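Please read the structure below before turning to the comments.
Protein chains: 4
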Amino acid sequence: MHVSFEEAQHIIESAVTKSKELGVKMCIAVLDSGGNIKAFARMDDAWVGSSDIAIKKAKTACYFAMPSGEIGKLSLPGSPLYGIEHSNDGLITFPGGVPIVDKEGNLIGAVGVSGDTVENDHIVAVAGATKCGQCDMPKHPWRT
Amino acid sequence: MHVSFEEAQHIIESAVTKSKELGVKMCIAVLDSGGNIKAFARMDDAWVGSSDIAIKKAKTACYFAMPSGEIGKLSLPGSPLYGIEHSNDGLITFPGGVPIVDKEGNLIGAVGVSGDTVENDHIVAVAGATKCGQCDMPKHPWRT
Amino acid sequence: MHVSFEEAQHIIESAVTKSKELGVKMCIAVLDSGGNIKAFARMDDAWVGSSDIAIKKAKTACYFAMPSGEIGKLSLPGSPLYGIEHSNDGLITFPGGVPIVDKEGNLIGAVGVSGDTVENDHIVAVAGATKCGQCDMPKHPWRT
Amino acid sequence: MHVSFEEAQHIIESAVTKSKELGVKMCIAVLDSGGNIKAFARMDDAWVGSSDIAIKKAKTACYFAMPSGEIGKLSLPGSPLYGIEHSNDGLITFPGGVPIVDKEGNLIGAVGVSGDTVENDHIVAVAGATKCGQCDMPKHPWRT
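Chains as they are written, first to last, in our numbering: chain A, 251 to 394; chain B, 251 to 394; chain C, 251 to 394; chain D, 251 to 394.
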């Protein structure tokens with residue numbers, strides 16, 4: 251199952267609302283469980299370069315069914331996944347991308363946010379994703 | 251000046267409303283005048299492959315300040331611009347992309363739509379763009 | 251031998267002067283004989299999308315040591331080089347790119363112009379290139 | 251508003267003059283505020299590989315409205331933005347790229363320089379950019 255268009259719109263709204271609360275300017279991407287773009291928004295005065303980062307964070311979270319920052323813990327020099335960012339036409343492995351998981355534990359999409367500190371990016375992504383599901387995958391199985 | 255986030259949202263809404271009237275499933279992209287993505291929506295059951303086409307149609311309309319289909323008239327085999335699609339990391343030169351022009355004749359962005367016949371794609375793009383401007387560039391000048 | 255920086259600047263100036271005479275807005279690229287960018291100019295109100303086309307026309311003229319439009323005659327459907335535009339990360343095979351050749355018949359670079367009709371693009375490219383050489387290669391040999 | 255062609259030419263001239271003072275061979279790129287190329291120069295004997303670096307430094311400064319080296323401080327292993335270079339078709343995050351900001355605090359473009367030490371690259375970029383504006387963004391707002 252994929253996140254629906256209506257859900258994707260709610261995710262964007264929820265992320266924008268949270269961004270305004272925090273006083274930050276964000277780019278927000280919603281992808282379906284196949285990693286394909288469903289909805290996107292760049293708020294006024296958000297960095298132009300954050301658009302691609304938001305999309306790639308969401309792709310990273312979707313492709314590996316975990317928050318982008320979790321991959322980042324494993325991709326440092328000397329760590330097992332060093333250089334994984336070179337795969338899949340570019341991953342972004344710092345925080346701000348989270349999976350969207352339904353009640354049965356199925357991955358239904360991902361949200362990626364970029365525009366402020368990685369802590370705020372993550373907070374806004376979670377605010378968006380939890381509008382339509384949870385961000386934690388069960389240990390196994392997960393299905394796209 | 252660029253299309254604002256609020257305007258981009260109105261463009262998406264207007265294009266979605268028109269799509270529903272026509273009973274079609276569309277991907278809709280809004281770019282600023284620099285060709286950078288501002289907002290995007292993929293309606294449920296729209297082709298996944300239409301996302302990139304919508305973005306590239308909008309890019310084509312933005313980069314040349316005219317509807318994408320106008321370029322297409324010139325890019326057929328034997329025509330002056332044959333093969334222009336190979337430039338700019340890929341252009342799409344059939345209808346569905348239109349520029350957004352403000353009252354002073356400045357290009358402020360572009361809308362690209364893909365998902366149905368090129369006639370319907372164009373109709374939906376115009377319905378979106380005219381929410382915030384017109385689609386016709388003055389002869390000259392135009393400024394990005 | 252390569253076109254020098256001073257020569258490249260003269261080529262740009264000469265092409266801009268010719269563009270103003272014609273009342274057109276151009277993108278102008280100068281590449282060395284290795285196909286690497288040496289100088290570039292986008293005049294005000296020139297299409298943003300013409301930048302890449304100008305560079306690719308020059309690349310096409312440089313890589314094959316002939317005007318870009320000559321390749322275009324051979325790349326139409328059913329012709330021997332159909333689809334050559336897919337090579338070399340994208341060629342542009344309509345007029346506007348010309349080689350720069352020194353007195354000994356050596357290729358020293360190429361000029362690419364985009365922004366108006368292909369006829370005007372070619373005229374401006376020749377106006378630039380002939381500032382520092384000729385546009386015709388001897389039958390053979392040619393050396394980069 | 252974007253940097254104009256005349257301004258871009260002055261930026262190139264100013265950067266070339268400073269390069270000659272320092273006795274260095276540089277590649278210099280000027281982009282508009284949308285990240286699209288406006289003018290470019292590669293001085294004689296500058297590294298061919300520096301052309302793309304100059305363009306990517308300018309893109310980095312433009313997309314994030316700050317000097318490229320500022321991003322580099324945050325993208326080291328273990329730092330919050332580790333791996334950001336994989337976004338936007340490649341960023342360059344060492345010094346040599348600076349934004350161009352007008353008196354009202356609007357981003358109007360960026361300059362990227364590559365060819366010598368990163369310190370000299372930065373000095374030459376600033377010499378270029380300050381010909382037409384300042385390099386410091388106000389805290390907020392900034393608009394492209």
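C-beta: ideal position from N, C-alpha, C; glycine also. The structure displayed is predicted, hence computed values, not measured ones.
### Query
With Ile-334 of chain D and Leu-341 of chain D assumed to form a contact (beta carbons below 8 Å), what rounded beta-carbon distance in angstroms separates them?
Rounded, the Cβ-Cβ distance is 6 Å, consistent with contact.
### Query
Hey, Gly-359 of chain B and Lys-306 of chain B: beta-carbon distance below 8 Å or not?
No; because the gap between Cβ atoms is not below 8 Å, this pair is not in contact.
### Query
What do you get for Thr-367 of chain D, buried or exposed, if any count of 16 or more other CB atoms within 10 angstroms of its CB means buried?
Here Thr-367 of chain D is exposed. Its C-beta has fewer than 16 other C-beta atoms within 10 Å.
### Task
May I ask which residues mark the beginning and end of the beta strand (DSSP E) holding Val-361 of chain A?
In the DSSP assignment, Val-361 of chain A falls within the unbroken beta strand (DSSP E) covering 357-364.
### Beta-bridge pairing of Gly-347 of chain A - partner residues as DSSP gives them
For Gly-347 of chain A, DSSP records a beta bridge to A:Gly-362.
### Query
Below 8 Å between beta carbons: does that hold for Phe-255 of chain A and Asp-294 of chain B?
The answer is yes: Cβ separation under 8 Å.
### Query
Can you name the residues of chain B whose CB is closer than 7 Å to the CB of Asn-356 of chain D?
Neighbours of Asn-356 of chain D in chain B, taken as residues whose beta carbon is under 7 Å from its own, are absent, since the nearest beta carbon is some 10 Å off.
### Task
Confirm the yes/no value for this check: CB of Gly-284 of chain A, any heavy atom of the ligand PLP, distance under 7 Å.
This structure lacks the ligand PLP, and indeed carries no ligand of any kind.
#### Entry: Bridge partners - Ile-305 of chain A, DSSP secondary structure assignment
In the DSSP assignment, no residue is bridged to Ile-305 of chain A.
### Query
So is Glu-257 of chain A buried or exposed if we call it buried at 16+ other beta carbons inside 10 Å?
Buried, since its Cβ has 16 or more Cβ neighbours within 10 Å.
### Message
By the three-class DSSP mapping on this structure, what secondary structure does Leu-341 of chain C have?
### Response
When secondary structure is reduced to three states using DSSP, Leu-341 of chain C falls in the coil class, being assigned neither helix nor strand.
### Query
Do the CB positions of Val-351 of chain A and Met-387 of chain A come within less than 8 Å of each other?
In this structure, Val-351 of chain A places its C-beta atom within 8 Å of the C-beta atom of Met-387 of chain A.
### Task
May I have a chain-ordered list of the beta strand (DSSP E) segments no shorter than 3 residues that lie completely inside the segment 264-293 of chain C?
With a minimum length of 3 residues, the continuous beta strand (DSSP E) runs that stay inside the segment 264-293 of chain C are 277-282 and 287-292.
### Task
Note down the Cα distance separating Gly-346 of chain B from Ser-329 of chain C, rounded to an integer number of angstroms.
Their backbone Cα atoms lie some 31 Å apart in a straight line.
### Query
At a Cβ threshold of 8 Å, is Ala-311 of chain D touching chain C?
No, Ala-311 of chain D lies away from the interface with chain C (no Cβ there is under 8 Å from its Cβ).
### Task
Over the uninterrupted alpha helix (DSSP H) stretch that includes Ile-334 of chain D, give me the two end residues.
In this chain, Ile-334 of chain D is not harboured by any alpha helix (DSSP H), its DSSP state being neither H nor E.
### Task
Return the residues of the segment 287-305 of chain C that lie within a Cβ-Cβ distance of less than 7 Å from chain D, sorted by chain order.
With the criterion set as a beta carbon lying under 7 Å from some beta carbon of chain D, the members of the segment 287-305 of chain C are Ile-287, Lys-288, Ala-289, Phe-290, Ala-291, Arg-292, Met-293, Asp-294, Val-298 and Ser-301, in sequence order.
### Task
Could you spell out where the alpha helix (DSSP H) holding Ala-379 of chain C opens and where it closes?
Per DSSP, Ala-379 of chain C belongs to the alpha helix (DSSP H) from 368-379.
### Message
Can you confirm whether Phe-255 of chain C, when its beta carbon is compared against all beta carbons of chain B, has any partner nearer than 8 Å?
### Response
Chain B, which has no Cβ nearer than 8 Å to the Cβ of Phe-255 of chain C, makes this no.
### Query
Near Ala-377 of chain D, which residues of its chain fall below 8 Å by C-beta distance, leaving aside the five closest residues on each side in sequence?
For Ala-377 of chain D, where only same-chain residues beyond five positions count, the Cβ hits under 8 Å are Ser-264, Ala-265, Thr-267 and Lys-268.
### Query
Got a sec: is the Cβ-Cβ distance from His-252 of chain B to anything in chain C below 8 Å?
With 8 Å as the cut-off, His-252 of chain B does not count as an interface residue toward chain C.
### Message
Looking only at its chain, what residues have a beta carbon closer than 8 Å to the beta carbon of Ile-287 of chain A, apart from the 5 residues adjacent to it on each side?
### Response
The residues Ala-279, Val-280, Leu-281 and Ile-305, in chain order, have a CB closer than 8 Å to that of Ile-287 of chain A in the same chain once the five nearest residues on each side in sequence are set aside.
### Query
If you measure from the beta carbon of Ser-325 of chain B to each beta carbon in chain D, is any gap under 8 Å?
Not a single C-beta of chain D is nearer than 8 Å to the C-beta of Ser-325 of chain B.
### Message
Can you find the residues in the same chain that come closer than 6 Å, C-beta to C-beta, to His-372 of chain D, ignoring five residues on each side of it along the sequence?
### Response
Excluding residues up to 5 positions away in sequence, Pro-345 and Gly-346 lie with their Cβ nearer than 6 Å to the Cβ of His-372 of chain D in the same chain.
### Task
Could you work out which residues of chain D lie near Gly-284 of chain C, taking near to mean beta carbons separated by less than 9 Å?
Neighbours of Gly-284 of chain C on chain D, chain order: Val-298.
### Query
Would you call Leu-357 of chain B buried or exposed, if buried means 16 or more other Cβ atoms sit within 10 Å of its Cβ?
Taking all protein chains in view, the Cβ of Leu-357 of chain B is crowded by 16 or more other Cβ atoms within 10 Å, so the residue is classified as buried.
#### Entry: Among B:Thr-310, B:Lys-270, B:Ser-318 and B:Gly-284, nearest to Ala-296 of chain B - alpha-carbon criterion
Among B:Thr-310, B:Lys-270, B:Ser-318 and B:Gly-284, the Cα nearest to that of Ala-296 of chain B belongs to B:Lys-270.
### Query
For Thr-310 of chain C, which residues from the same chain have a beta carbon less than 7 Å from its beta carbon, with the 5 sequence-adjacent residues on both sides left out?
Taking Thr-310 of chain C as the centre and dropping the five residues before and after it, the same chain places the C-beta of Ser-318, Ile-321, Leu-341, Ile-342, Thr-343 and Gly-347 closer than 7 Å to its C-beta, in chain order.
### Residues near Cys-312 of chain D by beta carbon distance below 6 Å, same chain, minus five either side
The answer, listed in chain order, is Leu-281, Gly-285 and Ala-360.
### Task
Give the interface partners of Phe-314 of chain A over in chain D, defined as CB-CB distance under 9 Å, in chain order.
In chain order: nothing, as chain D lies at least about 14 Å away.
#### Entry: CB contact below 8 Å: Gly-333 of chain B versus chain C
Yes - at least one Cβ of chain C is within 8 Å of the one on Gly-333 of chain B.
### Task
For Val-351 of chain A, go through chain D and note every residue whose CB falls closer than 7 Å to its CB, in chain order.
Correct list: empty, because the minimum Cβ distance to chain D is about 25 Å.
#### Entry: Cβ shell of Ser-301 of chain D (< 6 Å), same chain only, five flanking positions each side left out
Counting only residues of its own chain and dropping the five nearest sequence neighbours on each side, Ser-301 of chain D has a CB closer than 6 Å to the CB of Cys-277 and Arg-292.
### Query
Would you call the CB atoms of His-260 of chain C and Cys-382 of chain C closer than 8 Å?
In this structure, His-260 of chain C lies near Cys-382 of chain C, with their beta-carbon atoms less than 8 Å apart.
### Query
Would Asn-338 of chain D be called buried (16 or more neighbouring beta carbons within 10 Å of its own) or exposed?
Label assigned to Asn-338 of chain D: buried.
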